[in-house]
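Chemist:
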Amino acid sequence: MKRSLRVLLGVFVISITCIAAISIVWSYNTVRKIEAIVNDNIKIYLDDEEQVLKETDGSKISPVIINGRTYLPLRPMADLAGFGVEWDDRLQEVLLSSDKTKGRKYSKVISRNKKGELTFWHFNKDEMPEFVKAFNEAYPNIKVNAVAVTDKDYLYQNRLISRIRAHLDVPDVFSGEAAFIKQFVEMTDAFADITDRAKDYVGNMIPYTVEMGTDKNGVLRAVSPIGAPGALAYKKDAAKKYLGTDDPLKISEMLSTRDKMIAAAQTLKEKSKGKVALFPTFEEPLRMFMAGRSKGWVTDGKLTIDQKALDFIDFAKDMRDNKYEATLDQWSPDWSAAIADDEKALVWACPSWGIPWIIGSNDKQAANGGRWGLARPGIPYFWNGTWLGIYSKSENQDIAWEFVKYFTTNEDLMRKWAHESKDFPNNLQVIAEGYGEENKIMGIDIYKFYEPFIKDIDGSIFTEYDSEIQNIYTNNLGFYLNGGEFKTKDELIKAFKNRVKNSVVDITVE
Numbered sequence: 031m032k033r034s035l036r037v038l039l040g041v042f043v044i045s046i047t048c049i050a051a052i053s054i055v056w057s058y059n060t061v062r063k064i065e066a067i068v069n070d071n072i073k074i075y076l077d078d079e080e081q082v083l084k085e086t087d088g089s090k091i092s093p094v095i096i097n098g099r100t101y102l103p104l105r106p107m108a109d110l111a112g113f114g115v116e117w118d119d120r121l122q123e124v125l126l127s128s129d130k131t132k133g134r135k136y137s138k139v140i141s142r143n144k145k146g147e148l149t150f151w152h153f154n155k156d157e158m159p160e161f162v163k164a165f166n167e168a169y170p171n172i173k174v175n176a177v178a179v180t181d182k183d184y185l186y187q188n189r190l191i192s193r194i195r196a197h198l199d200v201p202d203v204f205s206g207e208a209a210f211i212k213q214f215v216e217m218t219d220a221f222a223d224i225t226d227r228a229k230d231y232v233g234n235m236i237p238y239t240v241e242m243g244t245d246k247n248g249v250l251r252a253v254s255p256i257g258a259p260g261a262l263a264y265k266k267d268a269a270k271k272y273l274g275t276d277d278p279l280k281i282s283e284m285l286s287t288r289d290k291m292i293a294a295a296q297t298l299k300e301k302s303k304g305k306v307a308l309f310p311t312f313e314e315p316l317r318m319f320m321a322g323r324s325k326g327w328v329t330d331g332k333l334t335i336d337q338k339a340l341d342f343i344d345f346a347k348d349m350r351d352n353k354y355e356a357t358l359d360q361w362s363p364d365w366s367a368a369i370a371d372d373e374k375a376l377v378w379a380c381p382s383w384g385i386p387w388i389i390g391s392n393d394k395q396a397a398n399g400g401r402w403g404l405a406r407p408g409i410p411y412f413w414n415g416t417w418l419g420i421y422s423k424s425e426n427q428d429i430a431w432e433f434v435k436y437f438t439t440n441e442d443l444m445r446k447w448a449h450e451s452k453d454f455p456n457n458l459q460v461i462a463e464g465y466g467e468e469n470k471i472m473g474i475d476i477y478k479f480y481e482p483f484i485k486d487i488d489g490s491i492f493t494e495y496d497s498e499i500q501n502i503y504t505n506n507l508g509f510y511l512n513g514g515e516f517k518t519k520d521e522l523i524k525a526f527k528n529r530v531k532n533s534v535v536d537i538t539v540e
């Protein structure tokens with residue numbers, strides 16, 4: 031039977047986090063005088079049966095309240111919950127086991143005053159100081175040697191790969207972006223196996239993030255602190271003017287399938303007299319189509335062109351020939367300028383981070399609210415993200431795991447981080463609670479918007495070859511749509527295969 035613990039004081043509920051917290055508080059070497067209130071009225075229930083905490087001599091133990099927070103003794107609570115617990119005085123560590131019958135197979139809970147040192151590499155120089163600051167606020171005596179290396183021109187990836195292959199000066203913890211995380215997840219000797227360490231936490235993570243961090247043998251090697259679910263952002267005034275509605279449910283329905291998108295684009299073109307396209311570029315709907323594939327780019331060592339990838343060529347050609355997309359290049363100055371222009375294009379692909387950084391950064395009026403709406407994508411997808419893993423041969427495995435665990439499982443940190451950085455937390459419980467206020471740009475609770483479909487995002491089809499092959503596909507498709515070197519779909523596919531064969535030498539291309 032699954033056990034559940036609850037403590038009642040009015041409507042106050044104590045979670046297992048509080049139990050862990052007191053183990054950390056009691057592991058301090060220093061002794062401090064504090065004021066505490068003993069409250070005999072707090073009741074503790076296990077599976078709806080009231081329990082009494084007792085000392086080894088049989089006397090009752092009452093919970094105490096310190097600075098408004100209620101604390102319970104770890105060992106009696108562990109006994110109730112069926113956990114094994116030991117205190118290692120030499121290492122100043124609490125050792126916990128989910129099954130106290132298994133002897134000393136304990137997972138370590140590192141004391142907050144634990145001393146140590148680790149090296150962390152990250153590809154984002156702006157985020158790096160925030161990682162170090164947040165970790166040292168919780169673990170002030172663990173020195174983080176932080177190194178930021180840009181991933182421009184594959185510099186970050188290449189430096190890591192060469193060090194991993196040489197087994198020389200590899201950081202204890204290193205990050206990976208969605209475009210290349212699979213490369214390290216599948217690489218021999220790169221990331222350590224964290225399946226057992228993370229087993230009690232992955233159920234609270236967005237499933238696709240776990241799939242992306244899992245290798246082809248089912249071994250978990252990286253976990254993510256954030257999610258990046260995608261949606262479709264649209265301009266409300268233009269939608270109402272040309273499509274007759276700005277209601278997000280109706281717009282979502284209009285964009286739910288390929289045929290409905292074509293129909294909406296045709297109506298938009300007619301009503302706006304050709305001024306407003308549905309998308310600024312073919313790359314906006316591309317991410318949805320790619321997310322809807324049943325197979326990734328490589329299956330059993332062979333290049334696989336999924337039917338969705340073939341279908342998108344026809345869809346993109348139809349959109350281009352009929353001027354249903356504005357022929358802009360994604361991330362170009364014209365593309366950015368069109369975000370604030372209601373007479374250029376209507377819909378942008380918009381991940382959670384894109385609300386502040388795509389819409390908000392390029393449309394200064396967006397912050398006033400009322401200009402933009404968010405529609406559910408016809409195919410759930412994600413766009414970008416960050417994963418953390420431990421070097422397989424690191425000599426600081428426990429401290430490295432504490433670093434990774436802190437950023438990927440600590441709910442309080444995730445709430446704070448998301449509010450300050452505008453990222454989306456990779457924590458189903460935090461998401462279910464809601465953001466707590468409406469987003470100024472979209473006028474909705476962003477967590478509540480994404481929550482119904484984040485579990486439907488598929489991360490299982492992605493491979494270590496995806497970034498390179500996807501770039502070849504997108505570039506060749508662009509040449510084809512622009513009337514360049516490929517005049518037919520067959521020529522495009524043939525050239526695509528040839529370029530993949532020349533670029534990705536360790537797979538078979540038929």
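Quick note: to get the working numbering, add 30 to the position in the sequence shown (first position is 1). A virtual CB, placed ideally from N, CA and C, is assigned to each residue, including glycine.
(1) Would ILE172 and PHE454 qualify as a contact pair, given that the criterion is a beta-carbon distance under 9 Å?
(2) Quick check on the DSSP output: the alpha helix (DSSP H) that includes TYR169 runs from which residue to which?
(3) What first and last residue would you give for the beta strand (DSSP E) that runs through LYS73?
(4) Under 9 Å between the Cβ atoms of VAL434 and ALA405?
(5) Give the DSSP-derived three-state secondary structure of PRO410 in the structure shown.
(6) Which class does VAL203 belong to by DSSP, given the choice of helix, strand or coil?
(7) Relative to the alpha-carbon of GLU373, which residue among LEU190, ARG529, TRP365 has its alpha-carbon at the smallest distance?
(8) In chain order, which alpha helix (DSSP H) runs of at least 4 residues are fully inside the region 413–443?
(9) Per the contact definition of three or more C-beta pairs closer than 8 Å, is the region 342–354 in contact with the region 296–311?
(10) Can you list, in chain order, the residues of its chain whose CB lies under 8 Å from that of MET235, leaving out five sequence neighbours each side?
(11) In angstroms with no decimal places, state the Cα-to-Cα distance between ASP70 and MET107.
(12) Can you say whether TYR184 is buried or exposed, counting buried as having 16 or more other CB atoms within 10 angstroms of its CB?
(13) What span of residues does the alpha helix (DSSP H) with THR493 cover, start to end?
(14) Measure the Cβ-Cβ separation of ILE72 and GLN81 and say whether it is below 9 Å.
(15) Are the Cβ atoms of PRO482 and ALA379 separated by less than 9 Å?
(16) Measure from the alpha carbon of VAL460 to the alpha carbon of each residue in SER451, MET444, GLY473, LYS452, then state which is nearest.
(17) I want to know whether the region 387–403 touches the region 319–331 - three or more CB-CB distances under 8 Å.
(18) Does DSSP put LYS527 in a helix, a strand or coil?
(19) Which word fits LEU198, buried or exposed, when buried means at least 16 other C-beta atoms lie within 10 angstroms of its C-beta?
(20) Less than 9 Å between CB atoms is the rule here; does TYR231 satisfy it with respect to chain D?
(21) Within the same chain, show all residues whose beta-carbon is closer than 7 Å to that of TYR601, passing over the 5 residues directly before and after it, in chain order.
(22) So, at 6 Å on beta carbons, what are the nonlocal neighbours of GLY514 in its own chain, with the 5 sequence-adjacent residues on each side left out?
(23) Would ARG401 pass as a contact of LYS265 if the rule is Cβ separation under 9 Å?
(24) Once you ignore the five residues that flank VAL539 on each side, which residues in its own chain have a CB closer than 7 Å to its CB?
(25) Looking only at its chain, what residues have a beta carbon closer than 7 Å to the beta carbon of ASP371, apart from the 5 residues adjacent to it on each side?
(26) Among ASP245, SER89, ALA66, ALA397, which has the Cα closest to the Cα of ILE96?
(27) Rounded to a whole number of angstroms, what is the C-alpha to C-alpha distance between LYS135 and LEU148?
(28) If you follow the alpha helix (DSSP H) that GLN187 is part of, which residue opens it and which one closes it?
(29) What did DSSP end up calling ARG146 once you bin it into helix, strand or coil?
(30) Of the choices VAL200, ILE191, PRO201, TYR231, whose alpha-carbon is the least far from that of LEU212?
(31) Measuring CB to CB, does GLY206 end up less than 9 Å from LEU418?
(32) Spell out a yes or no on whether the region 411–429 and the region 236–243 are touching, meaning 3 or more CB-CB pairs, one atom from each, closer than 8 Å.
(33) Is it the case that the Cβ atoms of ILE471 and PRO386 are separated by a distance below 9 Å?
(34) To the nearest angstrom, how far is it from the Cα of SER497 to the Cα of LEU104?
(35) Please state the DSSP three-state secondary structure of LYS470.
(36) Please say whether LEU273 and ILE523 have beta carbons closer to each other than 9 Å?
Modeler: Per the coordinate set shown:
(1) For the purposes of this step, residue 172 is identified with residue 142 of the sequence shown, where counting begins at 1. For the purposes of this step, residue 454 is identified with residue 424 of the sequence shown, where counting begins at 1. No; because the gap between Cβ atoms is not below 9 Å, this pair is not in contact.
(2) Taking the first residue of the sequence shown as 1, we reach residue 169 at position 139. First-last for TYR169: undefined, no H or E at that position.
(3) Here residue 73 corresponds to residue number 43 of the sequence shown, with the count starting at 1. Its beta strand (DSSP E) spans residues 73–76.
(4) For the purposes of this step, residue 434 is taken as residue 404 along the sequence shown, with counting starting at 1. For the purposes of this step, residue 405 is taken as residue 375 along the sequence shown, with counting starting at 1. Against a cut-off of 9 Å, the Cβ pair of ALA405 and VAL434 comes out as no contact.
(5) Taking the sequence shown and counting its residues from 1, one reaches residue 410 at position 380. In this structure, PRO410 counts as coil in the three-state DSSP scheme.
(6) Translated into the one-based positions of the sequence shown, residue 203 becomes position 173. VAL203: strand per DSSP, three-state reduction.
(7) Counted from its first residue, the sequence shown places residue 373 at position 343. Nearest of LEU190, ARG529, TRP365 to GLU373, Cα basis: TRP365.
(8) 427–439
(9) yes
(10) Indexing the sequence shown from 1 puts residue 235 at position 205. The answer, listed in chain order, is VAL253, SER254, THR438, ASN456, ASN457, LEU458.
(11) Locating residue 70 in the sequence shown gives position 40, where the first residue counts as 1. Locating residue 107 in the sequence shown gives position 77, where the first residue counts as 1. Cα-Cα distance, rounded: 16 Å.
(12) Position 154 of the sequence shown, counting from 1, holds the residue named residue 184. Exposed, since its Cβ has fewer than 16 Cβ neighbours within 10 Å.
(13) Reading the sequence shown from its first residue, position 463 is the one you call residue 493. Careful: THR493 lies outside any alpha helix (DSSP H) and carries neither H nor E.
(14) Counting from 1 along the sequence shown, the entry for residue 72 is found at position 42. Counting from 1 along the sequence shown, the entry for residue 81 is found at position 51. Their beta carbons are not under 9 Å apart, which means ILE72 does not touch GLN81 by this criterion.
(15) The residue you call residue 482 lines up with position 452 of the sequence shown. The residue you call residue 379 lines up with position 349 of the sequence shown. No, the Cβ-Cβ distance between PRO482 and ALA379 is not below 9 Å.
(16) For the purposes of this step, residue 460 is identified with residue 430 of the sequence shown, where counting begins at 1. For VAL460, the closest alpha carbon among the candidates SER451, MET444, GLY473, LYS452 is that of MET444.
(17) no
(18) Here the question's residue 527 lines up with position 497 in the sequence shown. Correct three-state label for LYS527: helix.
(19) For the purposes of this step, residue 198 is taken as residue 168 along the sequence shown, with counting starting at 1. LEU198 is exposed by the Cβ-count criterion.
(20) Among the chains of the structure shown, chain D does not appear; only one protein chain is present.
(21) Residue 601 is absent from the model: the chain starts at 31 and stops at 540.
(22) The residue you call residue 514 lines up with position 484 of the sequence shown. No residues qualify anywhere along the chain.
(23) What you label residue 401 is simply residue 371 of the sequence shown in a count that begins at 1. What you label residue 265 is simply residue 235 of the sequence shown in a count that begins at 1. Yes, they are a contact pair.
(24) In the sequence shown, counting from the first residue as 1, residue 539 sits at position 509. If the five residues before and after VAL539 are omitted, its C-beta is found closer than 7 Å to the C-beta atoms of LEU333, LYS527, VAL530, LYS531, all from its own chain and listed in chain order.
(25) Taking the sequence shown and counting its residues from 1, one reaches residue 371 at position 341. The answer is none, since no qualifying residue turns up.
(26) Within the sequence shown, numbered from 1, the residue matching residue 96 stands at position 66. Cα-wise, what sits closest to ILE96 is ALA66.
(27) As a working note, residue 135 is residue 105 in the sequence shown. As a working note, residue 148 is residue 118 in the sequence shown. Confidence in LYS135 is poor, its pLDDT being 41 and thus under 50, which makes the residue's placement unreliable; the coordinate value appears in the next sentence. Whole-angstrom Cα-Cα distance: 25 Å.
(28) To locate residue 187, count along the sequence shown from 1; it is residue 157. Segment 185–196, the alpha helix (DSSP H) holding GLN187.
(29) As a working note, residue 146 is residue 116 in the sequence shown. The displayed chain sequence assigns Gly, not Arg, to residue 146. It is a strand residue.
(30) Translated into positions along the sequence shown, residue 212 becomes position 182. Reading off the sequence, residue 212 comes out as Lys, not Leu. LYS212 has its Cα closest to that of ILE191, out of VAL200, ILE191, PRO201, TYR231.
(31) Here residue 206 is taken as the residue at index 176 of the sequence shown, counted from 1. Here residue 418 is taken as the residue at index 388 of the sequence shown, counted from 1. For GLY206 and LEU418, yes; Cβs fall inside 9 Å.
(32) yes
(33) On the sequence shown, residue 471 is found 441 positions in, with the first residue counted as 1. On the sequence shown, residue 386 is found 356 positions in, with the first residue counted as 1. Their beta carbons are under 9 Å apart, which means ILE471 touches PRO386 by this criterion.
(34) For the purposes of this step, residue 497 is identified with residue 467 of the sequence shown, where counting begins at 1. For the purposes of this step, residue 104 is identified with residue 74 of the sequence shown, where counting begins at 1. Taking the straight line joining both Cα atoms gives about 47 Å.
(35) Within the sequence shown, numbered from 1, the residue matching residue 470 stands at position 440. Here LYS470 carries a coil assignment [DSSP, helix/strand/coil].
(36) Taking the sequence shown and counting its residues from 1, the one referred to as residue 523 is at position 493. Taking the sequence shown and counting its residues from 1, the one referred to as residue 273 is at position 243. Against a cut-off of 9 Å, the Cβ pair of LEU273 and ILE523 comes out as no contact.
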